[in-house]
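First residue of the sequence shown: 4, per the working numbering; consecutive thereafter.
By construction, the Cβ of each residue, glycine as well, lies at the ideal position given by its N, Cα and C atoms.
Written out below as C-alpha cells is the structure these notes cover.
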Amino acid sequence: MTNAEAADVDYLFELMRAAVEDTDHVYSPEVLRGALRRITPLLDQRTWSGWLLASDTENSQS
Numbered sequence: 004m005t006n007a008e009a010a011d012v013d014y015l016f017e018l019m020r021a022a023v024e025d026t027d028h029v030y031s032p033e034v035l036r037g038a039l040r041r042i043t044p045l046l047d048q049r050t051w052s053g054w055l056l057a058s059d060t061e062n063s064q065s
C-alpha cells in the first residue's frame with residue numbers, strides 16, 4: 004500500500020469515527036459513501052462490495 008492509499012484509508016476511518024462521535028456535525032451518507040468508494044479498491048472486494056451494493060440498493064429505495 005502506498006502512502007497515498009494509506010492516507011485514504013486513514014481518511015475514511017476518521018470520517019467514520021467522527022460520524023459516530025461528533026454530535027456537532029452531521030455527515031451525509033453521500034460523504035461517507037464517497038470516502039468508502041475511494042478506498043474500496045484497496046480492501047478485500049469480497050467483504051466490501053456486498054456492503055456497498057446493499058447500501059446503494061437501500062438508498063435507491065428511499
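>> Taking the beta carbon of A38 as the centre, do at least 16 other beta carbons fall within 10 Å, making it buried, or is it exposed?
In response: buried
>> What residue range does the alpha helix (DSSP H) around P44 cover?
In response: It is not in any alpha helix (DSSP H) - P44 carries neither H nor E in the DSSP assignment.
> Excluding sequence positions up to five away, which residues of its chain have a Cβ less than 7 Å from the Cβ of Y14?
Replying inline: A38
> Going by C-alpha distance, which of L35, T5, N6 is nearest A21?
Replying inline: L35
>> So, for D11: in the same chain, excluding its five sequence neighbours on each side, which residues have a beta-carbon less than 6 Å away from its beta-carbon?
In response: R41, I42
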